[in-house]
Every structure is written in structure tokens, then in C-alpha cells.
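Structure first, then comments.
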Amino acid sequence: MTLASTLINLPMKFILHTFLKVDTSEVKNVPMQGPLILATNHINMLDAPAGFTHLYPRSLSAFAKSEFWRNPAIRMLFKVWNVIPLHRGEVDFDAFAQAQAELEKGKIMLITPEGTRSHSGSLAQGLPGIVLLAVRSGAPILPVAFYGNENVKENLKRLRRTPMVYRVGKPFTINTENQALSREFRQQVTDEIMYQISALLPESYRGVYSDLSKATTQHLRFLSTRNNP
1 MTLASTLINL
11 PMKFILHTFL
21 KVDTSEVKNV
31 PMQGPLILAT
41 NHINMLDAPA
51 GFTHLYPRSL
61 SAFAKSEFWR
71 NPAIRMLFKV
81 WNVIPLHRGE
91 VDFDAFAQAQ
101 AELEKGKIML
111 ITPEGTRSHS
121 GSLAQGLPGI
131 VLLAVRSGAP
141 ILPVAFYGNE
151 NVKENLKRLR
161 RTPMVYRVGK
171 PFTINTENQA
181 LSREFRQQVT
191 DEIMYQISAL
201 LPESYRGVYS
211 DLSKATTQHL
221 RFLSTRNNP
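UniProt numbering numbers the first residue of the sequence shown as 1 and each following residue consecutively.
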């Protein structure tokens with residue numbers, strides 16, 4: 001926590017509350033420090049400001065596409081938030097190394113396995129990069145889901161505040177069972193992670209993970225408490 005983050009997060013949280021009505025009753029279940037990976041869904045551009053401001057004063061980091069750094073204002077904001085630029089369309093080893101270093105410092109990494117915004121709120125298939133980071137770092141994963149902010153544009157037209165809800169699941173680590181981290185294996189584990197996120201969402205948001213009867217936990221090792229992963 002720095003003075004700059006305080007000067008950014010508190011006013012931004014106030015501004016967000018002028019058009020969002022955020023239910024953060026479960027945010028208390030997110031530990032105050034890491035190493036920890038928060039695996040979340042990705043709806044729109046409000047995800048990051050809502051997440052960083054409502055998880056404050058936790059020390060966070062996250063990925064964002066490198067194109068954002070072309071904008072000086074966003075670049076400054078992301079520097080305060082300790083966001084890591086990610087070059088999409090390639091295996092960005094530098095970004096991965098930075099994320100692993102942040103976890104080793106005891107930070108909390110926000111990861112969106114979908115890799116891009118859904119806009120509708122409906123879950124898309126997760127990408128397997130999260131598995132490699134979790135296994136290499138040894139950091140536990142905590143699934144977090146939110147919904148409601150996909151309605152913000154329509155509600156702004158009607159001068160209404162938009163309800164936004166956060167839900168927090170149970171932490172777990174990944175049990176590789178000494179298997180090679182092939183893409184097929186990583187995708188299987190990623191789907192198990194995504195089903196944990198899906199289970200926190202109302203049915204209409206679950207998308208490709210809507211059939212919870214297909215959810216497995218073969219490679220997930222759940223931890224005993226939420227506050228001390």
C-alpha cells in the first residue's frame with residue numbers, strides 16, 4: 001500500500017459508488033495478503049477499477065493487454081496498481097516471470113482465465129495460462145465471481161445505479177499428480193477452475209460452464225479455511 005494507491009483508490013471508489021451499488025459482503029473472505037491467485041470472470045472495463053478499489057488495501061497485481069500502455073493516463077494508473085503488461089498472441093515469458101515475482105513477494109494476483117471481456121457476463125472458455133503460474137509459484141487459487149456491471153450502460157440512460165455483486169469461493173491448490181504440464185492437462189485443470197467460478201454465478205451467467213454436473217475437482221486440492229490459504 002502506497003500513498004499514490006490511497007490517493008487513487010479512495011476517490012475512484014467514491015466515483016464508482018455514484019453509479020454502482022456494490023455488494024461486497026463476501027470480500028472479507030479474501031485474505032489481506034498473498035501469495036494468492038484470484039481467478040475471476042471478466043465482463044467489461046469496470047472490472048479492474050471495481051476490483052482494485054474494493055479489494056484495497058490489499059496489495060494486488062494483475063495482467064492487462066500491452067496496448068493499454070499507449071494511453072498515458074492508463075499507463076500512470078496501471079503503474080500505481082502494479083499492473084503487468086501482457087503481449088497477447090504470443091507466450092509472454094517476461095510477463096509470466098513478473099507475475100511469479102509478485103507472488104513471491106506476497107502479492108495477490110488477479111487473473112481472468114477467459115483472457116478477454118465477455119460484455120454480456122456469460123462465461124467463455126478459460127485459457128490454460130493460469131495453471132502454469134499456479135503450479136510454478138505454488139500459490140493457492142481463490143475463485144471470485146462478480147456480476148451486474150454488464151447492465152451499467154442501460155442503467156445510466158435511466159439515471160439508475162447498477163447493482164454489482166461479488167461472490168467468493170473456496171481456496172485450493174493444484175494437484176498435478178506428477179503429470180507433465182501438457183496443454184491438454186492444463187486445459188482440463190483450467191476447466192475445473194472455471195467451474196468453480198461458474199458455481200458462484202447465477203445460472204444465466206454460466207455460459208459454456210452452465211452444466212455444473214460436468215464439473216470435476218480431480219486436480220484441485222481444497223484448503224481448510226478461506227482466510228488463511
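Yeah, the Cβ is synthetic: ideal placement off N, Cα and C, and Gly gets one too.
Query	Result
Which residue wins for smallest C-alpha separation from L60, given the options I111, S224, M164?	I111
Per DSSP, what kind of secondary structure is M109 in: helix, strand or coil?	strand
In three-state DSSP terms, what is V189?	helix
I'd like the ranges of any beta strand (DSSP E) spanning at least 3 consecutive residues and lying wholly in the region 135 to 216.	141 to 147, 162 to 168, 172 to 174
As an exercise, report each continuous beta strand (DSSP E) stretch of at least 3 residues that is fully enclosed by the region 10 to 96, in chain order.	20 to 23, 36 to 40, 60 to 65, 83 to 86
Could you check the C-alpha separation between P85 and M109 for me, to the nearest Å?	13 Å
Do the region 125 to 145 and the region 196 to 206 meet, that is, are 3 or more Cβ pairs less than 8 Å apart?	yes
Quick one: Cα of T2 to Cα of F222, how far?	33 Å
So I37 and I174 are supposed to be a Cβ contact under 8 Å. How far apart are they, rounded?	The Cβ separation is near 10 Å, so there is no contact.
From L103, P202, R88, pick the residue whose C-alpha is nearest to that of G138; which is it?	L103
According to the neighbour-count rule (16 or more other Cβ atoms, all chains shown, within 10 Å of its Cβ), is H219 buried or exposed?	buried
So, for F63: in the same chain, excluding its five sequence neighbours on each side, which residues have a beta-carbon less than 6 Å away from its beta-carbon?	I84, L86
For K13, which residues in the same chain have their Cβ closer than 8 Å to its Cβ, ignoring the five residues on either side in sequence?	T53, H54, Y56
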